[in-house]
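**Q** Numbering (this note's numbering), first residue to last: 54 to 838.
Before anything else, here's the structure in question.
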Amino acid sequence: MAMAQHPADSHDTIRVRGARENNLKNVDLDLPKRRLTVFTGVSGSGKSSLAFETIAAESKRLVNETYSAFIQGFMPSNARPDVDLLDGLTTAIVVDQERMSTNPRSTVGTATDANALLRILFSRIAEPHIGGPQAYSFNTPSVSAQGGITVQKGNNPKRQLATYNVTGGMCPTCEGRGTVSDLDVDQIIDRNLSLEEGAITVPGYKAGGWAVRQFSESGFVDPAKKIKDYTKQELHDLLYREPSKVKFQGINTTYEGLVPKIKTSFLQKDRASMQPHIRAFVDRAVAFTACPDCGGTRLAEHARTSTIEGKSIADVCAMPIVELRDWVKALKVTGIGPLQDNLTGILDSFVDIGLGYLALDRPAGSLSGGEAQRTKMIKHLGSALTDVTYVFDEPTVGLHPHDIDRMNNLLLALRDKGNTVLVVEHKPETIAIADHIVDIGPLAGSHGGEIIYEGDLKGLQSSDTVTGKHLADKVALKETVRKPSGAIKVRGADTHNLQNIDVDIPLGILTVITGVAGSGKSTLLRKSLPETEGLVYVDQSEIRGSRRSNPATYTGLLDHIRKAFAKENGVKPGLFSPNSEGACQVCKGLAVVYTELSFFESVSSPCEACGGDRFQDHVLDYEYHGKNIADVFRMSVGEAAQFFAEAGPKPASTILDRLVNVGLGYVALGQPLSTLSGGERQRNKLAVQMAEKGGIYVLDEPTAGLHLADIEQLLELLDRMVDSGISVIVIEHHQAVMAHADWIIDLGPGAGTEGGHIVFEGTPSELVTSATTLTGKHLAEYVQK
54 MAMAQHPADS HDTIRVRGAR ENNLKNVDLD LPKRRLTVFT GVSGSGKSSL
104 AFETIAAESK RLVNETYSAF IQGFMPSNAR PDVDLLDGLT TAIVVDQERM
154 STNPRSTVGT ATDANALLRI LFSRIAEPHI GGPQAYSFNT PSVSAQGGIT
204 VQKGNNPKRQ LATYNVTGGM CPTCEGRGTV SDLDVDQIID RNLSLEEGAI
254 TVPGYKAGGW AVRQFSESGF VDPAKKIKDY TKQELHDLLY REPSKVKFQG
304 INTTYEGLVP KIKTSFLQKD RASMQPHIRA FVDRAVAFTA CPDCGGTRLA
354 EHARTSTIEG KSIADVCAMP IVELRDWVKA LKVTGIGPLQ DNLTGILDSF
404 VDIGLGYLAL DRPAGSLSGG EAQRTKMIKH LGSALTDVTY VFDEPTVGLH
454 PHDIDRMNNL LLALRDKGNT VLVVEHKPET IAIADHIVDI GPLAGSHGGE
504 IIYEGDLKGL QSSDTVTGKH LADKVALKET VRKPSGAIKV RGADTHNLQN
554 IDVDIPLGIL TVITGVAGSG KSTLLRKSLP ETEGLVYVDQ SEIRGSRRSN
604 PATYTGLLDH IRKAFAKENG VKPGLFSPNS EGACQVCKGL AVVYTELSFF
654 ESVSSPCEAC GGDRFQDHVL DYEYHGKNIA DVFRMSVGEA AQFFAEAGPK
704 PASTILDRLV NVGLGYVALG QPLSTLSGGE RQRNKLAVQM AEKGGIYVLD
754 EPTAGLHLAD IEQLLELLDR MVDSGISVIV IEHHQAVMAH ADWIIDLGPG
804 AGTEGGHIVF EGTPSELVTS ATTLTGKHLA EYVQK
């Protein structure tokens, strides 16, 4: 193994000794500070375990310890990483792929300093002058007081007029949300049924359940009476009654009508954060319309009518950022130079990072993972902090090859400010700019966790590692392409930035949708496809899981395993669930015990009672084909696939085969989902959704999180799906997937208002031959000649 030598001085080096977090095998490592280091290796090799769960986690833990014991009591507690020594750490800032806040009040502008600086600008020079910066904030309520501005508050006769001091800019009607909602009552109740028969059709309101019994036993309505037979008063009490004190099962509680209860429980959340079945209900039952008073701007009248050169703060926040930057630069007002430069610098960063097509009023929760990660970078690029350790999780996710150069320049800019930049990455273009490269492997899971190369790019290229071998991979264009069996016809698509486009998306083949980030790919497939039977959309939304969630539980595999063990041994299935009666009574089936130490960090340690087996001793006496349930939890997906292929049951074998097919053969069945990488989680979701009986699959960037060596396996999976009769439509930036397509639809030519057009339709060979679009040029450079 080639090793680069660095001085073991904590001023210049981060020293890691004996790192054993997750699958790391007693790793020793010296990382140069104020340099750009890239961690590479196959998916699941241990990159994130080293960069995030060891280095970044310990830095964050040590910073937290500088706060008072009282403050620490309100902070999340994490145990010290399993490592002998970490020396030379600086404050770590993690920039991950997690989507941004789904709070409906959070926008691109509020998530950065852009909105704050705009508010200062308007408070300084807008006319008429209405007060300080908060007067332009839709997140700050106006406070009732005498002598303020009088505005109408909605159409409620009880709240006709309200008087406000100009302390905040929130629209009083929609409370700064920009939209008002109207419930379709016939979508939340079935008038032909009684409460006892299931008249309430809202998710979570099951007949006889706790939520419905609060209505049934309130005394206001007859639970056995059909809703259509209710009197006006009864219907009002069921649907709209204002909060009233009642006694429910001997406890004083508050009764509230179904409509306000639904608005509180469902409509206070951002749609993007909802579970799919809740989102489907909200889409069916709720109509969202722009607030009639503020027109969707979220702002009170005084904030909407205070302008600079005829534009309100709402007007400028709705501009594409690239246009807003030019507007700010063109302002000719004395005394605002530093403020103007600061704001322009932030807006320049958006443009430089390829997000100039966004507007500051775009909801933060609607950004893709790649857009969210780049937006987070904006904040750090303008930071006055130096000598910080930035840890990035695949910053090129969601980026077209054309945009990767921009991202690389930003990573280098952070380094050049005197920061240590650590990047977990698979893309050769980003690996190539590293000052230092750490390759982890040789394989994944228990077969990984070792440093197999450390040094520069030239050394990696000549190394014998999987990454080194695949670094210069090129692919050949398909010689023959499949013929479509039909098409989904899209006509006049004009949602978001789509420019009234017509396109036929072929079926029965592998179709790849390409284009720079923001060109309209996701809008085309998520918002513009006509309703089509059998369509399954596998997106990048996160999968949630507690400490108890793992591949066995998430995929439904454990249900089949429990039943097989129960049938074999003549006992109840619940014995074989770590969440049920067979679980170890000490760790409650978690395999580890979390010890809370008052205001200090909680510590996790292997459960001494079960030795990490999760189950009570007597449960482990029961076996299935020579294995107990703890043995099964310790198996990798690949080992389990082989075991259950021989031992049955068939449904378990089917699920395991899907997990192997998506490249997760190395993951342990009992590994917590919270420890999986973003790419691993997405492939878990793909394995689950492949079980749906769909004839058309839409995959949103399935290469996310995949090592160069894993792309070939993904292409084989896509081929198998198509050859089995499934139509596969893929949104993708990776040139290897483009080259493998039967048909390519390229959107562009640019992003945002400069995108939204179909700039190419045809085969990969035709795209390379013409090479007139950005995608065509990059694909032509990538493929084998």
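Idealized CB from N, CA, C, for every residue including glycine.
Model, not experiment: these values are computed from the prediction.
1) According to the neighbour-count rule (16 or more other Cβ atoms, all chains shown, within 10 Å of its Cβ), is Ser538 buried or exposed?
2) Going by DSSP, which residues form a beta bridge with Thr173?
3) Along the alpha helix (DSSP H) that carries Pro704, what are the first and last residues, could you check?
4) Identify the continuous alpha helix (DSSP H) that holds His523 and give its terminal residues.
5) Taking the straight line between their C-alpha atoms, what separation do you get for Lys316 and Arg177?
6) Quick one: is Asn553 buried, meaning 16 or more other Cβ sit within 10 Å of its Cβ, or exposed?
7) Am I right that His793 and Glu754 are in contact with their C-beta atoms under 8 angstroms? What's the rounded C-beta distance?
8) Are the beta-carbon atoms belonging to Gly642 and Glu634 less than 8 angstroms from one another?
9) Name the DSSP beta bridge partners of Asp140, please?
10) Considering His289, what are the terminal residues of the alpha helix (DSSP H) in which it resides?
11) Do His453 and His760 have their beta-carbon atoms positioned less than 8 angstroms apart in this structure?
12) Across which residues does DSSP place Leu563 in a beta bridge pair?
13) Please classify Arg544: does DSSP put it in a helix, a strand, or coil?
14) Determine whether the beta carbon atoms of Tyr293 and Val265 lie at a separation below 8 angstroms.
15) Quick one: what's got a C-beta closer than 6 angstroms to Gly222's C-beta in the same chain, skipping five residues either side?
16) Tell me whether Val147 sits in a helix, a strand or coil according to DSSP, three-state version.
17) Helix, strand or coil, according to DSSP, for Pro134 in the structure here?
18) Three or more C-beta pairs closer than 8 angstroms, one from the stretch 377–388 and one from the stretch 261–279: is that the case here?
19) Around the Cβ of Ala487, are there at least 16 other Cβ atoms within 10 angstroms (buried) or fewer (exposed)?
20) Work out the CA separation of Val690 and Val713 for me, nearest whole Å.
21) Between the Cα of Lys86 and the Cα atoms of Lys470, Asp368 and Glu532, which residue gives the shortest distance?
22) Taking its Cβ as the centre, do 16 or more other Cβ atoms sit within 10 Å of Thr825, making it buried, or is it exposed?
23) From Leu832 to Ile797, what does the alpha carbon distance come to, in whole angstroms?
24) Identify, in the order they occur along the chain, each residue of the same chain with its Cβ nearer than 6 angstroms to the Cβ of Asp235, setting aside the five sequence neighbours on each side.
25) Rounded to the nearest angstrom, how far is the Cβ of Asp557 from that of Ala540, given a contact under 8 angstroms?
26) Under the three-state reduction of DSSP, which class applies to Leu320: helix, strand or coil?
27) Going by the CB atoms, is the gap between Asp83 and Thr66 shorter than 8 angstroms?
28) Helix, strand or coil for Glu654? Go by DSSP, reduced to three states.
29) Does the count of Cβ pairs from the stretch 110–122 and the stretch 393–403 closer than 8 angstroms reach three?
30) Tell me, to the nearest whole angstrom, how far the beta carbon of Val775 is from that of Ile562; I am working on the premise that it is less than 8 angstroms.
31) Quick one: using the 10 Å Cβ neighbour count with 16 as the cut-off for buried, is Asn305 buried or exposed?
32) Curious, which full-length beta strand (DSSP E) runs of at least 3 residues does the stretch 334–371 contain?
33) How many angstroms separate the CA atom of Arg544 from the CA atom of Pro157?
34) For the stretch 255–263 and the stretch 285–304, state whether three or more C-beta atom pairs, one from each stretch, are separated by less than 8 angstroms.
35) Indicate whether at least one CB of chain D lies closer than 8 angstroms to the CB of Leu89.
36) Bridge partners for Thr160 per DSSP, in chain order?
**A** Let's see:
1) Sixteen is the threshold: since fewer than 16 other Cβ atoms of the shown chains lie within 10 Å of the Cβ of Ser538, the residue is exposed.
2) The question names Thr, but residue 173 is Ile in the sequence shown. Checking the DSSP bridge columns, you'll see Ile173 has no partner listed.
3) First-last of the alpha helix (DSSP H) with Pro704: Lys703 to Asn714.
4) Counting along the chain, the alpha helix (DSSP H) containing His523 begins and ends at Val519 to His523.
5) C-alpha of Lys316 to C-alpha of Arg177: approximately 38 angstroms in a straight line.
6) By the neighbour-count criterion, in which 16 or more other beta carbons inside 10 Å mark a residue as buried, Asn553 falls on the exposed side.
7) In this structure His793 is not in contact with Glu754, their Cβ atoms being roughly 15 angstroms apart against a cut-off of 8 angstroms.
8) No; because the gap between Cβ atoms is not below 8 angstroms, this pair is not in contact.
9) Looking at the DSSP assignment, Asp140 forms a beta bridge with Arg68.
10) Lys285 to Leu292 is the span of the alpha helix (DSSP H), which, as asked, contains His289.
11) Going by C-beta atoms, His760 is not nearer than 8 angstroms to His453.
12) Residue pairing from DSSP places Leu563 in a beta bridge opposite Val781.
13) In the structure shown, Arg544 falls within a strand segment according to DSSP collapsed to helix, strand and coil.
14) Taking C-beta atoms as the reference points, Tyr293 and Val265 fail to come closer than 8 angstroms.
15) For Gly222, where only same-chain residues beyond five positions count, the Cβ hits under 6 angstroms are Ala188, Tyr189, Ser190, Phe191, Leu352, Ala353 and Ala356.
16) If DSSP states are grouped into helix, strand and coil, Val147 belongs with the strands.
17) Reduced to three states, the DSSP call for Pro134 is coil.
18) Touching, no, given that fewer than three Cβ pairs across the two stretches are closer than 8 angstroms.
19) Burial check for Ala487: the Cβ neighbour count within 10 Å reaches 16 or more, so the residue is buried.
20) If I take the Cα positions, the gap works out to 7 angstroms.
21) Comparing Cα-Cα distances from Lys86 to each of Lys470, Asp368 and Glu532, the minimum goes to Lys470.
22) It is exposed - the Cβ of Thr825 has fewer than 16 other Cβ atoms within 10 Å.
23) When rounded, the separation of the alpha-carbon atoms in Leu832 and Ile797 is 12 angstroms.
24) Closer than 6 angstroms at the Cβ level, and outside the excluded window around Asp235, lie Ala340.
25) Yes, Asp557 and Ala540 are in contact; Cβ-Cβ is about 4 angstroms, under 8 angstroms.
26) In the structure shown, Leu320 sits in coil (DSSP, three-state: anything other than H, G, I, E or B).
27) The answer is yes: Cβ separation under 8 angstroms.
28) Bear in mind that a pLDDT of 44 at Glu654, under 50, signals an unreliable position, so the number given afterwards is only what the model happens to contain. Three-state result, Glu654: strand.
29) Contact between the stretch 110–122 and the stretch 393–403 is absent, because fewer than three Cβ pairs lie under 8 angstroms.
30) Between Ile562 and Val775 the Cβ distance is about 6 angstroms, and since that is below 8 angstroms, they are a contact.
31) Exposed is the call here.
32) Segments of the beta strand (DSSP E) lying fully in the stretch 334–371: 339–343.
33) The straight-line gap from Cα to Cα measures roughly 31 angstroms.
34) Short answer: they don't touch.
35) The chain labelled as chain D is not found in the depicted structure, where only one protein chain is given.
36) In DSSP, Thr160 forms a bridge with Pro416.
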